[in-house]
Structures are given as C-alpha cells and as structure tokens.
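Novice:
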Amino acid sequence: MIRVENLSKSYGQSSIFEGISLTLHSGTISGLVGENGCGKTTLMRCICGFTRPSSGTVTVLDKVIGKDVDFAPSTGIILESSGFLPHFSARKNLHLLADISGLKDKTRIDTVIRLVGLDPESKKSIGKYSLGMCQRLGIAQAIMENPQILILDEPFNGLDKDGVADIHKLLQELKSQGKIILLASHNSKDISLACDVVYEFRKGKLYQLE
Amino acid sequence: MLNKLRATWAMLRGQMSDWFYSPRTIIMGVVILALAYINAKSFEKVMLDYSLTAHFGETVYAYLSSAFGNLTSISAFFLIMVSEIPRRTPIQLNMLIRSNRMKWLRSQLLFCLVVVLLMMLLLTTFSALLTMPYLTVGSGWSMRSTNPDLSWVPDFVPDYIRLITPFQANILACAVLFAFWFTMLLVILLFSLAGKPNGGLILYVSLLMLSVTLLWEQVPIWIRLIVPTNYATLANIGIVFPQRELSIVPIALGVYTAIDLLLISGMVFIVKRMDLHFTRKDKA
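Top line first, the protein sequences correspond to chains A and B.
Residue 8 is where the first sequence starts when you use the working numbering, and the numbers rise one by one after that.
Residue 407 is where the second sequence starts when you use the working numbering, and the numbers rise one by one after that.
#1: Leaving out five residues before and five after residue 186(A) in sequence, what residues of the same chain have Cβ atoms less than 8 Å from its Cβ?
#2: Quick check: is the beta carbon of residue 676(B) nearer than 8 Å to any beta carbon in chain A?
#3: Label residue 655(B) either buried or exposed according to how many other C-beta atoms from any shown protein chain fall within 10 Å of its C-beta, with 16 as the threshold for buried.
#4: For residue 497(B), go through chain A and note every residue whose CB falls closer than 7 Å to its CB, in chain order.
#5: Between the stretch 460–478 of chain B and the stretch 491–503 of chain B, are three or more C-beta pairs nearer than 8 Å?
#6: Give the secondary structure of residue 122(A) by DSSP, where H, G and I count as helix, E and B as strand, and everything else as coil.
#7: In terms of DSSP beta bridges, what is residue 66(A) paired with?
#8: With distance defined between alpha-carbon atoms, name the residue in 39(A), 61(A), 62(A) nearest to residue 51(A).
#9: If you measure from the beta carbon of residue 68(A) to each beta carbon in chain B, is any gap under 8 Å?
#10: Determine, using beta-carbon pairs with one atom in the stretch 588–606 of chain B and one in the stretch 479–491 of chain B, whether at least three such pairs fall under 8 Å.
#11: From the DSSP output, which residues share a beta bridge with residue 191(A)?
#12: Tell me whether residue 410(B) is buried or exposed, calling it buried when 16 or more other Cβ atoms sit within 10 Å of its Cβ.
#13: At a threshold of 7 Å, does residue 58(A) count as lining the ligand ADP (C-beta to nearest heavy atom)?
#14: Are the CB atoms of residue 198(A) and residue 149(A) within a distance shorter than 8 Å?
#15: When DSSP labels each residue in this structure, what does residue 59(A) get in the three-state scheme?
#16: How is the alpha helix (DSSP H) around residue 165(A) delimited, first residue to last?
#17: So if DSSP puts residue 210(A) in a beta bridge, which residue, or which two residues, is it bridged to?
#18: Establish whether the CB of residue 672(B) and some CB of chain A are separated by less than 8 Å.
#19: Measuring alpha carbon to alpha carbon, tell me which of 445(B), 485(B), 449(B), 647(B) ends up nearest residue 603(B).
#20: What residue range does the alpha helix (DSSP H) around residue 26(A) cover?
#21: Quick check: what's the CA-CA separation for residue 506(B) versus residue 193(A)?
#22: Within 10 angstroms of the Cβ of residue 591(B), are there 16 or more other Cβ atoms? Answer buried if so, exposed if not.
#23: Give a yes or no on whether 8 Å exceeds the smallest Cβ distance from residue 59(A) to chain B.
#24: Can you tell me the Cα-Cα spacing of residue 528(B) and residue 31(A), whole angstroms?
#25: My guess is that residue 24(A) and residue 15(A) are in contact by the Cβ rule of under 8 Å, so how many angstroms apart are they, rounded?
#26: Anyone know if the C-beta pair for residue 188(A) and residue 200(A) falls short of 8 Å?
#27: Helix, strand or coil: how does DSSP classify residue 109(A) here?
#28: What residues in its chain sit with their C-beta under 8 Å from that of residue 120(A), if we drop five residues either side in the sequence?
#29: What would DSSP say about residue 204(A), mapped onto helix, strand or coil?
#30: Just how far apart, CA to CA, sit residue 412(B) and residue 458(B)?
#31: Taking Cβ-Cβ distances shorter than 8 Å, what residues in chain A pair up with residue 502(B)?
#32: How many angstroms separate the CA atom of residue 613(B) from the CA atom of residue 441(B)?
#33: Tell me the DSSP bridge mates of residue 82(A)?
#34: What did DSSP end up calling residue 689(B) once you bin it into helix, strand or coil?
#35: So, is the C-beta of residue 109(A) closer than 8 Å to a C-beta in chain B?
#36: Name the chain A residues whose beta carbon is nearer than 7 Å to that of residue 682(B)?
Okay, structure coming up:
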C-alpha cells in the first residue's frame, strides 16, 4: 500500500500543492490528471523519494520515505523521460541497471524486452530508437525486477495506437498480479481508459473524479 | 560484497560512459592533448638545444611536477571537461531508484577519483611517448648538459629533488597534482549538489587566473601563500618554499585531505536533504 498523508510541496514562495492525502491499494491502477505544471510529476517524485516534501509523509510498503528508506522500495518508474544511455543497446542498458539492483536472473531482461515488443538481440543503440521504442523500453526497465509498485509518468507518450493498446493490456495483466500502479498523463482519455480511480489536480489540491 | 561492488561499478560505468561520449569531453580532451603536445615539443627543443641527457623517469618527473608545463590552461580545460558533475541525464533516476542516496554519492566521488586518475594517466602516457625518441638508457638523475660549453645551463631538476630517486619524486609529484585536481572536482561537485553548478567552476577558474591577471608581486605574501595553485604542483611548491618542498609536501597533502573530508561531509549533509533533479524537464 502507498499512503500519502497531508503532503505539501513548495519552492520558495511558490506552492506546488498543499495538504494532499491519498491511499493506493494493491491490484488497482490509479491515475493523475491535470494541466502541465500542476504537480503530478512532483507528487510522483515525492512518492519515489527523489523530492523531499515540505511537509507531510509518504509511506510505501510500510516504509516511511526519507526516514526508513531513501527511495520507494520495490518500485519501477518512468519519470518524464525513459532515461537511458543513448550509445548503449537496449540489453546493455538494462544489464547496467540490473547490476545496480542486483537482479540475478539476467534472462528476465530478454523476456521483458520481448514483452514490450522489442528485439533483445538488437545491437542498435538507444540513440537511434524512436520515441515510442524508448517508451516501450522504459516500461521494460520499470518491470524487469518484478516490482510491487509501478509509477509511470506519461507512459503513453510517443506510442502509436498499437503501442497504447499493448501497454493497456500489459497494465491490466500487472494489475491482476496485485501490483500498485500509478499513472500520470495530461491526456485524460488515456487515463480514464486504464485506471480504476482517477485523481485530478486543481489549484494545488487533489480531487477524486467519479 | 560482490553485489555491492558490482552495483558501484555499474553506477560508475553509467556515469563514465555518459561523460566519455559527450561532445564537450571529446573536444576538451583534444584541446588538452594538443596543449600537452606543444609542451612536449618545447621540452624536446630545450633538451636538444642544451644537449641535455634524460632518462625516462626524469622526463615523466618534468611533466608531472609542472602539470605538463601549463597548469592554468590544462586545469581550466579539464574543469570545463568535467564541469557537469553529477551528469544531468535522466538515467540517474533509474539508477537512483535501485540504490540509495549515500551509494549514489559514493559513485559520484568515485567518478571524480577515476576521472582525475585517467586524466593523469592519459597525459603522462601521451607526453612520455613523445619524449621517447631523445631518451637515453639508464635510471637515476642525469639531465645535465653533455656539452662543456653549456655548463651554465641551469639544472632541470633541483638539487634537493636529486636527494630522492626519480621514482620517489614521481610519486610525490603525482600525489600533489592528484590532490589539487581531485579537490578541484570535489568543489565543483559540492557547488553542483548545492544547486549552484557554475559556482565551483567560476571559483576555480578565478583561482587559476589569479596569478596571471594580478600583478602577483604586489599581492601581500600571506595571500599568495593561501592561493591553492601554489600547492598544485611540486614545482610550484618549490617556487614558494625553495629547498623546503620535501618537508612542505606532507603538510600540503595533509591540508588537501582535511579539505576533502570537509567537502565530503558537506556533500553528505546536502545529499541527505536535497531534491534530486537531473534534467531541466524533470524540475516541473
């Protein structure tokens, strides 16, 4: 479970959001919508532990972020950009990240690359990938360690129709495995199709949409 | 233990490869090698003009003790080459979520250490290769003119350095230059972590340029004594503390270590509290 309690974040005098509370349960896909710059990414960053909130707490899988752990445990992410080394191949990028997390079963890397519709044998460097291909690899990166939580910011960016459908299907499968999934998008249609619960940011406050 | 090493190595590899392929690194690398080439060629001219003999260890000493003949320019270009620490790339977030703040800081410190060692190794190898054609076989100190008419030519290596072997002198010269460049990178990293990425760069470029832009002789002696460039190379220490450099070097290295520890403590304090942003985009 992810529990956000009375969370506020401001940069100097400018407040991004105030007093946000939210609980995300296993086996649900939750969505965040709102205009650009409304605080979706900042909230996700606070949940991950990359951004320190001005006040309030985030508890992920019973660990308080910033107190018990630095970053959200067992969490796969895509934040803003899929984030890879452009001159490495897909497999090499994922191997590097797997070495950091200590993933022992390296065959899992090829499996997830295939799962998102890419070729694990390809020697092509990421710099030559299209935005959609990068996004698919981003999802492979997020799920390769089989985390309990997925935090995906704009996961449908750059994907064509088939790509969006593939990712929707994959998310439903992950949901059925009991994962906690949080998505953010400026496109409310993508979100409403994929999510069980949708929250909207309005003037620094979070509202649950019916 | 093996897993921890593998994780640190992977984070370092991620940082290094991103840095290595950056156009800024490549361009600055070429400029630095060009400066080293010019220095090696002028050194060769002096050797030939004054009929000096030189063993391999001595030429390496000549380069290391003078920061390859051009401390200001080489350090300034090196600064530009590595000014972006930590690397502002989105893969940092993917590495971080699999790690923690302290491990990430360790990988940044390791990056600084490896980059300085690589730079010294590259410059030493490159310059040493250029001196090969006019070296004489042998060890120990020679570097005196073989031409009796040129007995007035001052010795390249000071007498008090000749008290130790070229190998020992090289170790000392290496240690001093390493300490200067490593501290320089730590300052850059600290400023960057504190949210002022250009602060460290401006500070160090100013320090490097001080002795060039000011009428140095007019500056009070105590100011001259605290300027870090005076302790950047063995030759510079020799200029400020003539004939005392062998006793000053351990003190200078001790001060460098104390400063480094202070800088690292500052970084630990900042990293535990900071928001981690690595691209302009993810600041939103």
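Think of the CB as a built atom: it goes at the ideal place given N, C-alpha and C, for glycine as much as any other residue.
Specialist: With the given structure in hand:
#1: Within the first sequence, numbered from 1, the residue matching residue 186(A) stands at position 179. Taken in chain order, the residues that qualify are 33, 34, 154, 155, 156, 157.
#2: Taking the second sequence and counting its residues from 1, the one referred to as residue 676(B) is at position 270. For residue 676(B), the answer is no, since every Cβ of chain A falls outside 8 Å of its Cβ.
#3: The residue given as residue 655(B) occupies position 249 in the second sequence. The residue is buried, with at least 16 neighbouring Cβ atoms inside 10 Å.
#4: For the purposes of this step, residue 497(B) is taken as residue 91 along the second sequence, with counting starting at 1. Taking a Cβ-Cβ threshold of 7 Å, the residues of chain A close to residue 497(B) are 90, 91, 92, in chain order.
#5: Segments in contact, no.
#6: Sequence index remark: in the first sequence, residue 122(A) carries index 115 (1-based). DSSP places residue 122(A) in helix when its eight states are reduced to three.
#7: Within the first sequence, numbered from 1, the residue matching residue 66(A) stands at position 59. Paired residue(s): 10(A), 71(A).
#8: As a working mapping, residue 51(A) is identified with position 44 in the first sequence. Residue 51(A) has its Cα closest to that of 39(A), out of 39(A), 61(A), 62(A).
#9: As a first step, residue 68(A) is located in the first sequence; it is residue number 61 there, counting from the start. Output row for residue 68(A): interface = no.
#10: Result yes; three or more Cβ-Cβ pairs closer than 8 Å.
#11: Here residue 191(A) refers to the residue found at position 184 of the first sequence. Answer is 39(A), 160(A).
#12: Here residue 410(B) corresponds to residue number 4 of the second sequence, with the count starting at 1. Its Cβ having fewer than 16 others within 10 Å, residue 410(B) is exposed.
#13: By its list of ligands, the structure shown contains no ligand whatsoever, and the ligand ADP lies outside what it can speak to.
#14: Against the first sequence, residue 149(A) aligns to sequence position 142. Against the first sequence, residue 198(A) aligns to sequence position 191. No, Cβ-Cβ distance for residue 149(A) and residue 198(A) is not below 8 Å.
#15: On the first sequence, residue 59(A) is found 52 positions in, with the first residue counted as 1. For residue 59(A), the three-state secondary structure derived from DSSP is coil.
#16: The residue given as residue 165(A) occupies position 158 in the first sequence. Going by DSSP, residue 165(A) is part of no alpha helix (DSSP H) at all; its letter is neither H nor E.
#17: Stepping through the first sequence from its first residue, residue 210(A) is reached at position 203. None; residue 210(A) has no bridge partner.
#18: Here residue 672(B) refers to the residue found at position 266 when the second sequence is read from its first residue. No, its Cβ sits nowhere closer than 8 Å to a Cβ of chain A.
#19: Numbered from 1 along the second sequence, position 197 holds the residue referred to as residue 603(B). Out of 445(B), 485(B), 449(B), 647(B), the CA that lies nearest to the CA of residue 603(B) is found in 485(B).
#20: Stepping through the first sequence from its first residue, residue 26(A) is reached at position 19. DSSP places residue 26(A) in no alpha helix (DSSP H) but in the uninterrupted beta strand (DSSP E) bounded by 21–31.
#21: The residue you call residue 506(B) lines up with position 100 of the second sequence. The residue you call residue 193(A) lines up with position 186 of the first sequence. Rounded to the nearest angstrom, the gap between the Cα atoms of residue 506(B) and residue 193(A) is 30 Å.
#22: Within the second sequence, numbered from 1, the residue matching residue 591(B) stands at position 185. It counts as buried.
#23: Stepping through the first sequence from its first residue, residue 59(A) is reached at position 52. It does; some Cβ of chain B falls within 8 Å.
#24: Counting from one through the second sequence, the residue named residue 528(B) turns up at place 122. Counting from one through the first sequence, the residue named residue 31(A) turns up at place 24. Those two C-alpha atoms are separated by around 53 Å.
#25: As a position in the first sequence, residue 24(A) is number 17, starting the count at 1. As a position in the first sequence, residue 15(A) is number 8, starting the count at 1. Yes, they are in contact, since the Cβ atoms of residue 24(A) and residue 15(A) sit about 7 Å apart, within 8 Å.
#26: Working through the first sequence from its first residue, we reach residue 188(A) at position 181. Working through the first sequence from its first residue, we reach residue 200(A) at position 193. Contact: no.
#27: Locating residue 109(A) in the first sequence gives position 102, where the first residue counts as 1. Coil at residue 109(A), not helix or strand.
#28: Here residue 120(A) is taken as the residue at index 113 of the first sequence, counted from 1. Non-local beta-carbon contacts of residue 120(A) in its own chain, meaning distances under 8 Å to residues more than five positions away in sequence, involve 97, 98, 101, 126, 127, 144, 147 in chain order.
#29: Indexing the first sequence from 1 puts residue 204(A) at position 197. Three-state DSSP puts residue 204(A) in a strand.
#30: The residue given as residue 412(B) occupies position 6 in the second sequence. The residue given as residue 458(B) occupies position 52 in the second sequence. Residue 412(B) and residue 458(B): Cα-Cα distance of roughly 49 Å.
#31: The sequence position of residue 502(B) within the second sequence is 96, counting from 1. The CB of residue 502(B) comes closer than 8 Å to the CB of 57, 78 in chain A, given here in chain order.
#32: Counting from 1 along the second sequence, the entry for residue 613(B) is found at position 207. Counting from 1 along the second sequence, the entry for residue 441(B) is found at position 35. Roughly 20 Å between the two C-alpha positions.
#33: Mapped onto the first sequence, residue 82(A) falls at position 75. As a beta-bridge residue in DSSP terms, residue 82(A) pairs with 156(A).
#34: The residue labelled residue 689(B) in the question sits at position 283 within the second sequence. Low confidence applies here, because residue 689(B) scores a pLDDT of 41, under 50, leaving its location unreliable and the question unanswered by this model.
#35: Taking the first residue of the first sequence as 1, we reach residue 109(A) at position 102. Taking 8 Å as the CB threshold, residue 109(A) lines the interface with chain B.
#36: Stepping through the second sequence from its first residue, residue 682(B) is reached at position 276. Here the neighbours are 57.
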